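Remarks on the structure that follows.
Protein chains in written order, with the numbering used here: chain A, 183 to 504; chain B, 183 to 504.
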């Protein structure tokens, strides 16, 4: 298909692939580490260059990612790749450091990755979710993250700050813009180089997205410091992404094949599917560096491993047997 | 959830509900006429006020709609409702007229509907599809439609002109903007009061949509004369709709529960789901007059009749047992 640009969009979008972490963490079927390594390798072959591969969360809480230590030691070596891992607290950071699979100093020296180059921490814009997810107030959680960030930065590792429930949560309903802005400013102040604005339950709509980004800019946050992270629970993820891109955001979180259900709704639909995003960006003539056919084949392969149909519209439309 | 407006959107959107026609026509399961009457009644109860209820196409070609005559005679009487029917040719118009279920003169006198107030004809922007679907060139098909339009207008019935395959088709790939514009201008010249820009195979992306609408405006077509009709085969329908609304279009075709598969792709996903559209519009503070909970319950009920899960993200997320 021919491409047709739209005014005010970036020339290139950086896709931050979360399938191996946010996707697999929410899939009921456990995937073995060999398959994960192959998955990550195939994602790299398709052209993805930023992948969040796992989380050093307690294996008791999320057994799907209990093999984080082994996975880190076996990450495929791919030119230009940035591997990120979620680190919930200092215990997680200690586990990550003990693997030795870190590209310390990668940021400043530009050497190729031989392990994780980035970590991510996971805060919340909703007090209720912070309490339920971390058993801490937002303020307590940020205090817990500070030494994680300090130690990572000291080791040459960059830190992304997720802000979950930026738009709404299942208990409070609409989350106020000011709450999300407040957490974002604290994470940036703490040393995060990017904040990911998360719509964890998929309730956001385009005006809300635009308003949050405008409010952040009003406080001096640049769009280059923002990523957007939408879930497609209510079918809004791609529209929300389009609006975010039109404001200048260039980093989009998505999950190959739409991996990852939603733990807060009876729905098989989780993260924005990377393929659906790329279909739109290809049509708009926005570069991603990703080959959609190769990615669809990978997602179809993974859907079979999980024993379920991919929720990605593009994967369903383009796969004859998936 | 609180609503957050976005600049350049209309205050109100007219939803042109196509579930009973475009939806059920593409569902393999046959629905009996009693259920169709109840379906239409429930759609009206949810607040929809323009419904395309059936097609007077040959029952041999589309047996799912073979009960058009009986259905027309049993349409529920709902205040302010406009019922439209697809009429493929003069034979179809004769069948429609023979039912006597017409609100002739409804347009000029403003009386309540006791039958169809509108008909729709179905043209194509793609020569190949026109040949395959109608066994006629585009030019021959327009000549066939002219007496249908003339007779309808003489009877006080307004005529909508569908243009299928406006963006791409399975044989030619990208359909040129000029082809769609050319057909649109001829349909308007012929007497259609509105043209529906159809992405029959769901391949369009937002820049293409914006460009087609701009090209039509350059030729003097007003956005009030346009409707958009997107299929969600590649997950693009809602983003495309958002862009169309931002240009001034106020009429959107959609299908309750996303009824209707795609005959040209191995995908259960057909029309844009009315619920997914309404979720976005509610979030944006754009009025539709439709109660989303009531509509979700109806789509869930219909999904059970069809023996399949609704492809609407909203229906899946909000229905505990659907």
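Even for Gly, the Cβ is constructed at its ideal location relative to N, Cα and C. Every value quoted in this text rests on a predicted model; they were computed, and no experiment measured them.
Per the coordinates, the alpha-carbon of residue 420 of chain A lies some 12 Å from the alpha-carbon of residue 494 of chain A. Between residue 496 of chain A and residue 457 of chain A, the C-beta gap is smaller than 8 Å, which places the two residues in contact. Here residue 254 of chain B really is in contact with residue 283 of chain B; their C-beta atoms are around 4 Å apart, less than 8 Å. Excluding five sequence positions before and after residue 186 of chain B, the CB atoms of its chain that fall closer than 8 Å to its own CB belong to 465, 466 and 467, given in chain order. Contact check between the region 469-488 of chain A and the region 213-229 of chain A: three or more CB pairs, one atom from each, fall below 8 Å, which counts as touching. Contact between residue 308 of chain B and residue 347 of chain B holds: their C-beta atoms lie close to 4 Å from each other, under 8 Å.
With three or more CB-CB distances shorter than 8 Å, the region 391-409 of chain A counts as touching the region 354-366 of chain A.
The alpha helix (DSSP H) runs lying completely inside the region 248-320 of chain B and spanning 4 residues or more are 250-255, 272-281, 288-291 and 309-316, given in chain order. Cβ-Cβ separation between residue 267 of chain A and residue 301 of chain A: approximately 6 Å, consistent with a contact (criterion under 8 Å). Between the alpha carbons of residue 233 of chain B and residue 331 of chain A lies a gap of roughly 56 Å. Distance between residue 221 of chain B and residue 202 of chain B, taken at the CA atoms: about 8 Å. Shown in chain order are the members of the region 383-398 of chain B whose Cβ falls below 7 Å from a Cβ of chain A: 385, 387, 388, 389, 390, 392 and 393.
With fewer than 16 other CB atoms across the displayed protein chains lying within 10 angstroms of its CB, residue 190 of chain A is exposed. Apart from sequence neighbours up to five positions away, the residues of its chain that approach residue 333 of chain A with a beta-carbon distance below 7 Å are 275, ordered along the chain.
Apart from sequence neighbours up to five positions away, the residues of its chain that approach residue 423 of chain A with a beta-carbon distance below 7 Å are 410, 412, 434, 454 and 459, ordered along the chain.
Near chain A, meaning a CB-to-CB distance below 7 Å, the residues of the region 346-363 of chain B are 350, 355 and 356. Listed along chain B is no residue with a C-beta nearer than 7 Å to that of residue 486 of chain A; the closest approach is about 16 Å. A straight-line Cα-Cα distance of about 42 Å links residue 452 of chain B and residue 369 of chain A. When rounded, the separation of the alpha-carbon atoms in residue 439 of chain A and residue 217 of chain A is 16 Å. For residue 480 of chain A, the enclosing alpha helix (DSSP H) stretches over residues 474-488.
CA-to-CA, the gap between residue 415 of chain A and residue 207 of chain A works out to about 17 Å.
According to the DSSP assignment, residue 379 of chain B belongs to the beta strand (DSSP E) that extends over 376-381.
Residue 236 of chain B counts as buried, since no fewer than 16 other beta carbons sit within 10 angstroms of its beta carbon. By the Cβ-count criterion, residue 398 of chain B is buried, with 16 or more other Cβ atoms from all chains shown falling within 10 Å of its own Cβ. With distances taken between CA atoms, residue 261 of chain B lies nearest to B:297 out of B:271, B:245 and B:297. Under DSSP, residue 196 of chain B forms a beta bridge with B:433. Distance from the Cα of residue 277 of chain B is smallest, within the candidate group B:252, B:350, B:499 and B:490, for B:252. Excluding its 5 nearest sequence neighbours in each direction, residue 318 of chain A has C-beta neighbours in its own chain below 8 Å: 312 and 326, listed in chain order. The shortest C-alpha to C-alpha distance from residue 257 of chain B to any of B:244, B:223, B:401 and B:239 is the one to B:223. Contact of residue 415 of chain B with chain A is assigned, a C-beta pair being separated by under 8 Å.
Put simply, the CB of residue 476 of chain A is far from chain B, with every gap to its CB atoms at 8 Å or more. For the region 260-272 of chain A, the set of positions with a beta-carbon nearer than 7 Å to some beta-carbon of chain B is empty. Here residue 376 of chain A is buried. Its C-beta has 16 or more other C-beta atoms within 10 Å. Contact annotation for residue 216 of chain A against chain B: no contact, minimum CB-CB distance about 30 Å [criterion: below 7 Å].
Neighbours of residue 465 of chain B in chain A, taken as residues whose beta carbon is under 7 Å from its own, are 387, 389 and 390 in chain order.
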